[in-house]
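Asks:
In the UniProt record's numbering, the protein residues as written are 1 to 978.
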């Protein structure tokens, strides 16, 4: 039963009354929804709403944000725009574009739907509302007496919401007769109903056509299931299963859900890991991939056992499968099977694979993996993509061409068809595109142009491209965020005395008498951590780790905190740093710079001679660092026997204890893995890349690392004791044995007697130590690099998500771990600081860090951001290494790390890069024979000489930088020396 009654002037309550029966009893339930008649329209054209505006604490009235002179149509009419949910979801980049969309009204109903369907887009819309330039307002129609509607008895929730949004547009039209109200909606049925209600309702493309700058904006309109070459009555790809069939299949175990990963070496092969199978499910061929993108969450169905296969040993790139495709002609029917499913090139490649499997069937049985097909997409991973227009797809008619292909920078992704009148203008440019749809009748996904970043290979365009590709937030901090910083700015100082009314300040321990110093990479300005040590009268040692007290400035639920939580981490590129927090904090007020007082969070241990903990204490403190050393400076000072001052002696104590801590970790089974880390030196004047070198690690690197690990472990124990359900922790799961099967087989065949044990991290560490080649000192490092790629990724998690045994960090060989030592650049550490402050009674912990559901949302975001930051950093190094090699062709040692039947992959330690050498560059294509059992490729080079290369072989390669004409990326091209 529904009823509505007025309570007071301006306030109405609508009540829904129903009876709930439980255990034989009946309970009357009343749900009340309060409505007002004084919610303003926020237009400067309206005089009625002035009287409803309430002044804020400062006595100021809220600003009217809808302009009195809004944007005009081509006809000259001023107008406001009311948008529905799908416009925001599918055209958010247009809403953000400065060339259109001003004075926009967002119904609360639509905004709530956006929040439920895509929180990232919701955040972008909220950012538009908070900014004043484009004049976006949220109208709370669900609480306005004139716009609230009840749901009809036979009405779906979607139909009710559509009607509520139309009602809002109608209210604005009646309320503001002096300005045209346009209801924007791409749903034809919804538009028809709106027009019947007397509203001006346009689709997005119709609206853009009415604007004076329509010619510049048409390319930006999302393409929804557009046919590029006439009607296609036949389908190319299998249709996805219905939701009911998918839900039933998952429940009864005939369908499986997981994330699909496309092979970086074979565009026609993907894999999906599911708990029911030890090995990943292979998805082979475009028909079975069925329009899935890399990283999509997919639903798959198992194929019969006679179709199970081993992973492909053939390199297949997008250009080989989709060559000669015409962007203006899509999916002509050819016999019983549409051409769009399997191209002639794909048929040939798959036939070669099938022939190889058949001829080797007896040998292959142990290598077979279950295969599957994609039957549904539960979540698309679509985002902004960066690429370049494929020159071969641009017609000679120049700008008259309406369709072309965009080849993306990421080679595991298909090329995208877009409509644009500027195809020739965009040649040679890095451009941003969005995928709009991938109909079953289209061989290629369809999208639209967003913007140009600049010329291919220009540093600015390539840097912005890699940030977009890895979803790194790099826009300047908003005014709302900057307003959270101390008003004194860079002049802020630690109070001179602790005897103040501020209770928290009085709790701080004054540690300015301690001989504290920091040890960091050269040029580090965001100094998170500092250390001190001294010998105690009882023969033990006092050791302190002091971490920047970021949470003194970053308070929960502020705009500054929300921005830090969203960014998740700072991102370090070769030529710049993308900060998690504004520079004032990161490089000034929080940074533990020398010679100035700073707030810190300190962990202080008493350690005995064997580095065992006698006691540990945690405290908010004030410190004054005596010096900021680089790793090399600290090492030189420690090694200089003529230096015997207290600070130097302190660092020598730290070094001695750090060695004992490291040995304990290694004895417990901690892994000493490796990655090809390189450093690119930049010219200080021109900012051009100069040379590349492998990073050198000194004892002082290890010194800092050990005490940061030590602090993280101690803090993890403390916060878990205090918050057993929501403590911010980090775990590293043991790798499945199947991850090492291929590597162990390579070792067995190529390095007789060698193997990697996986019974425990200790067994793995010991077996890696035994894998030495006396004729090749680098082999052990190479093996550790390859082992790293077989490991699971570490992840953040709230402690209530796993049982204690699963907290274990496999790589570090510790039972519990967190990140506490870098709060300037990691949001995880910010949360750990707040939890530690709560655990020691310094301040109450915010609800968001005591709620398991909210913590799960936080860790999901920071895990993704952390992973993306790592990829972005590596991509930056790869770009600049390519620039260094551009005019520097040279010969270097390399190591074969993969073999295929049509190419090899070689790692060059000098540059930390690996390159694919395809068979046509190695020698005569028809001469190649791949022995999968020996991991060897035999071929004749171009001079007719027989060559044999296999995994782990050391080879000499010509290294030079070349531009990939397809993707536009500069990459290392490797050629085997004769």
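Note that CB positions come from ideal geometry on N, CA and C, so glycine has one too.
1) Give me the Cα-Cα distance between residue 45 and residue 836, rounded to the nearest whole angstrom.
2) Check residue 831 in the structure and name its three-state DSSP category.
3) So, is residue 162 buried or exposed, given that buried needs 16 or more other C-beta atoms within 10 angstroms?
4) Quick one: what's residue 159 bridged to in DSSP?
5) Can you give the beta carbon distance from residue 264 to residue 528, rounded, assuming they're within the 8 Å contact cut?
6) Rank 810, 699, 167 by C-alpha distance to the C-alpha of residue 638 and give the top, closest one.
7) Hey, how far is the Cα of residue 360 from the Cα of residue 662?
8) Exposed or buried, residue 34, counting other C-beta atoms within 10 Å across all chains shown (16 or more means buried)?
9) Identify the residues that DSSP records as bridge partners of residue 78: which are they?
10) Measuring CB to CB, does residue 90 end up less than 8 Å from residue 222?
11) Which class does residue 470 belong to by DSSP, given the choice of helix, strand or coil?
12) Does the Cβ-Cβ distance between residue 80 and residue 48 come in under 8 Å?
13) Under 8 Å: do the region 856-872 and the region 562-573 share three or more Cβ pairs, one atom per stretch?
14) If you run the structure through DSSP and keep just helix, strand and coil, what is residue 484?
15) Could you check how far apart the C-beta atoms of residue 183 and residue 82 are, in whole angstroms? I think they sit under 8 Å.
16) Kindly examine the ligand MN and report whether one of its heavy atoms sits closer than 7 Å to the Cβ of residue 485.
17) With 16 other CB atoms within 10 Å as the buried threshold, where does residue 438 fall?
18) Given that a residue counts as buried once 16 or more other Cβ atoms are within 10 Å of its Cβ, and exposed if not, what is residue 308?
19) Contact check, residue 450 vs residue 432 under 8 Å by CB: the rounded distance?
20) Check the DSSP bridge columns for residue 269 and list the partner residues they point to.
21) Considering Cα atoms alone, identify which of 652, 585, 844, 185 is closest to residue 548.
22) Once DSSP output is grouped into helix, strand and coil, what is the label at residue 92?
23) At 3 residues or longer, and completely inside the region 502-534: list those beta strand (DSSP E) runs for me, N to C.
24) Alpha carbon to alpha carbon, what distance is there between residue 180 and residue 200?
25) Going by Cα to Cα distance, which pick from 155, 416, 900, 701 is closest to residue 636?
26) Go through the region 706-751 residue by residue and report every complete run of the alpha helix (DSSP H) that reaches 4 residues or more, in order.
27) Taking Cβ positions, are residue 483 and residue 377 nearer each other than 8 Å?
28) Between which two residues does the alpha helix (DSSP H) holding residue 853 run?
29) Buried or exposed: which applies to residue 256, given that a residue is buried once 16 or more other Cβ atoms fall within 10 Å of its Cβ?
30) Using 10 angstroms around the beta-carbon of residue 543, count the other beta-carbons present and answer buried if the total reaches 16, otherwise exposed.
31) Using three-state DSSP, classify residue 139 as helix, strand or coil.
32) Got a sec? Which residues, its chain only, sit under 8 Å from residue 821 by beta carbon, not counting five neighbours each side?
33) Taking 8 Å as the threshold (C-beta atoms), are residue 833 and residue 550 in contact?
34) Short of 6 Å in beta carbon distance, which residues of its chain neighbour residue 77, apart from the five on each side in sequence? Order them along the chain.
35) Which residue wins for smallest C-alpha separation from residue 171, given the options 158, 151, 142?
36) Using a Cβ-Cβ cutoff of less than 6 Å, which residues in the same chain neighbour residue 624 once the five nearest sequence positions on both sides are dropped?
Replies: On the basis of the supplied data:
1) Position 45 of the chain shown, counted from the start, is the residue given in the question as residue 45. Position 836 of the chain shown, counted from the start, is the residue given in the question as residue 836. So the alpha carbons of these two residues sit roughly 52 Å apart.
2) Sequence index remark: in the chain shown, residue 831 carries index 831 (1-based). Note: residue 831 maps to helix in three-state DSSP.
3) Within the chain shown, residue 162 is the residue found at index 162, counting from 1. In summary, residue 162 is buried, with 16 or more beta-carbon neighbours lying within 10 Å of its beta-carbon over all protein chains present.
4) Position 159 of the chain shown holds residue 159. The partner list for residue 159 (beta bridge, DSSP) is empty, contrary to what the question assumes.
5) Here residue 264 refers to the residue found at position 264 of the chain shown. Here residue 528 refers to the residue found at position 528 of the chain shown. Here residue 264 is actually not in contact with residue 528; their C-beta atoms are around 34 Å apart, not less than 8 Å.
6) Numbered from 1 along the chain shown, position 638 holds the residue referred to as residue 638. That would be 699, whose Cα lies nearest to the Cα of residue 638.
7) Residue mapping note: residue 360 aligns to position 360 of the chain shown, counting from 1. Residue mapping note: residue 662 aligns to position 662 of the chain shown, counting from 1. Low confidence applies here, because residue 360 scores a pLDDT of 46, under 50, leaving its location unreliable; read the following figure in that light. Distance between the alpha carbons of residue 360 and residue 662 is about 48 Å.
8) Residue mapping note: residue 34 aligns to position 34 of the chain shown, counting from 1. With a 10 Å radius around the Cβ and a threshold of 16 neighbouring Cβ atoms, residue 34 comes out exposed.
9) Along the chain shown, read from residue 1 onward, the residue named residue 78 stands at position 78. DSSP, once it has assigned bridges, lists 72 as partnering residue 78.
10) Sequence index remark: in the chain shown, residue 90 carries index 90 (1-based). Sequence index remark: in the chain shown, residue 222 carries index 222 (1-based). Residue 90 is a Cβ neighbour of residue 222, given a cutoff of 8 Å.
11) Position 470 of the chain shown, counted from the first residue, corresponds to residue 470. Three-state DSSP puts residue 470 in coil, outside helix and strand.
12) Numbered from its first residue, the chain shown carries residue 80 at position 80. Numbered from its first residue, the chain shown carries residue 48 at position 48. The Cβ atoms of residue 80 and residue 48 do not sit closer than 8 Å to each other.
13) Touching, yes.
14) Stepping through the chain shown from its first residue, residue 484 is reached at position 484. Three-state DSSP puts residue 484 in coil, outside helix and strand.
15) For the purposes of this step, residue 183 is taken as residue 183 along the chain shown, with counting starting at 1. For the purposes of this step, residue 82 is taken as residue 82 along the chain shown, with counting starting at 1. Between residue 183 and residue 82, the beta carbon gap of about 5 Å places them in contact (Cβ cut-off 8 Å).
16) The ligand content of the structure shown is nil, which means the ligand MN is not present either.
17) As a first step, residue 438 must be located in the chain shown, where it is residue number 438. Burial call: buried.
18) Here residue 308 corresponds to residue number 308 of the chain shown, with the count starting at 1. Buried, by the Cβ-count rule.
19) As a working mapping, residue 450 is identified with position 450 in the chain shown. As a working mapping, residue 432 is identified with position 432 in the chain shown. Correct: roughly 4 Å between the Cβ atoms.
20) In the chain shown, residue 269 corresponds to position 269, counting from 1. The partner list for residue 269 (beta bridge, DSSP) reads 284.
21) Translated into positions along the chain shown, residue 548 becomes position 548. Nearest of 652, 585, 844, 185 to residue 548, Cα basis: 585.
22) For the purposes of this step, residue 92 is taken as residue 92 along the chain shown, with counting starting at 1. In this structure, residue 92 counts as helix in the three-state DSSP scheme.
23) You should have 517-520.
24) For the purposes of this step, residue 200 is taken as the residue at position 200 of the chain shown. For the purposes of this step, residue 180 is taken as the residue at position 180 of the chain shown. Roughly 8 Å between the two C-alpha positions.
25) Translated into the one-based positions of the chain shown, residue 636 becomes position 636. When only C-alpha atoms are compared, the closest one is 701.
26) 741-750, all fully within the region 706-751.
27) Locating residue 483 in the chain shown gives position 483, counting from the first residue. Locating residue 377 in the chain shown gives position 377, counting from the first residue. No, these two residues do not count as a Cβ contact at 8 Å.
28) One-based indexing of the chain shown puts residue 853 at position 853. Per DSSP, residue 853 is one residue of the alpha helix (DSSP H) stretching across 852-885.
29) Translated into positions along the chain shown, residue 256 becomes position 256. With 16 or more Cβ atoms within 10 Å of its Cβ, residue 256 is classed as buried.
30) For this step, residue 543 is matched to residue 543 along the chain shown. By the 10 Å Cβ count, residue 543 comes out buried.
31) Stepping through the chain shown from its first residue, residue 139 is reached at position 139. In the structure shown, residue 139 sits in a strand (DSSP, three-state: E or B).
32) In the chain shown, residue 821 corresponds to position 821, counting from 1. So the qualifying residues of the chain are 528, 529, 545, 547, 708, 711, 712, 829.
33) As a first step, residue 550 is located in the chain shown; it is residue number 550 there, counting from the start. As a first step, residue 833 is located in the chain shown; it is residue number 833 there, counting from the start. A contact, by the Cβ cut-off of 8 Å.
34) Start at 1 with the first residue of the chain shown, and residue 77 comes out as number 77. Closer than 6 Å at Cβ, skipping near neighbours: 180.
35) Looking up residue 171 in the chain shown gives position 171. When each option's Cα is compared against that of residue 171, the closest is 142.
36) The residue labelled residue 624 in the question sits at position 624 within the chain shown. Closer than 6 Å at Cβ, skipping near neighbours: 512, 597.
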